[in-house]
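Notes to accompany the following structure.
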Amino acid sequence: MVNFDDTRGTKTKERSFFPSLDKEENTNEDYEVSFHQPEKKRRLLPKQVQFLEKSFEVENKLEPERKIQLAKETGLQPRQVAIWFQNRRARYKSKQLEKDYDVLKASSYIKRHLFKFKDIGKK
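Under the numbering used here, the first residue of the sequence shown carries the number 22, and numbering increases by one thereafter.
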């Protein structure tokens, strides 16, 4: 428990830093509300995804006005649109890194084999 003194030095009501953990203050109902099952993850409809994909191809960043407009056009919440774009940018970046790695790996492979052939011709 924490004791809060007011400016005149008189004591005010004592309060806990973690009132939700104080058993005597919480009933079983409070715990049931606190630990409820999360809602099922809702998947977007294919036409919503297709619309968002086309919009992403045009511009992968979202301005607030554009986010609201896309939300209206897709029937989603602006927050859902923002999260979809954030996740899509992350997937794009990951795939781009994979492609870059494959190109680098292939060029390294080619260089190693070219040097082997150059060395063979010198002997």
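C-beta atoms are modelled at their ideal positions from N, C-alpha and C, and glycine is treated no differently.
Residue burial classification, H134 (beta-carbon count within 10 angstroms, cutoff 16): For the purposes of this step, residue 134 is taken as the residue at position 113 of the sequence shown. The C-beta of H134 has fewer than 16 other C-beta atoms within 10 Å across all chains shown, which makes the residue exposed.
Environment of V102 [buried if 16+ CB atoms lie within 10 Å]: Locating residue 102 in the sequence shown gives position 81, counting from the first residue. V102 counts as buried, since at least 16 other C-beta atoms from the protein chains shown sit within 10 angstroms of its C-beta.
Spatial distance of R64 from K132 (CA atoms): What you label residue 64 is simply residue 43 of the sequence shown in a count that begins at 1. What you label residue 132 is simply residue 111 of the sequence shown in a count that begins at 1. Roughly 46 Å separates the two Cα atoms.
Boundaries of the alpha helix (DSSP H) in which R63 is found, first to last residue: Translated into the one-based positions of the sequence shown, residue 63 becomes position 42. Per DSSP, R63 belongs to no alpha helix (DSSP H) and is neither H nor E.
DSSP state of E80 mapped onto helix, strand, coil: Counting from 1 along the sequence shown, the entry for residue 80 is found at position 59. Here E80 sits in coil by DSSP.
First and last residue of the uninterrupted alpha helix (DSSP H) at L97: The residue labelled residue 97 in the question sits at position 76 within the sequence shown. Where L97 is concerned, there is no enclosing alpha helix (DSSP H), given that its DSSP letter is neither H nor E.
Test: P67 CB closer than 9 Å to a CB of chain C: The structure shown contains no chain C; it is built from a single protein chain.
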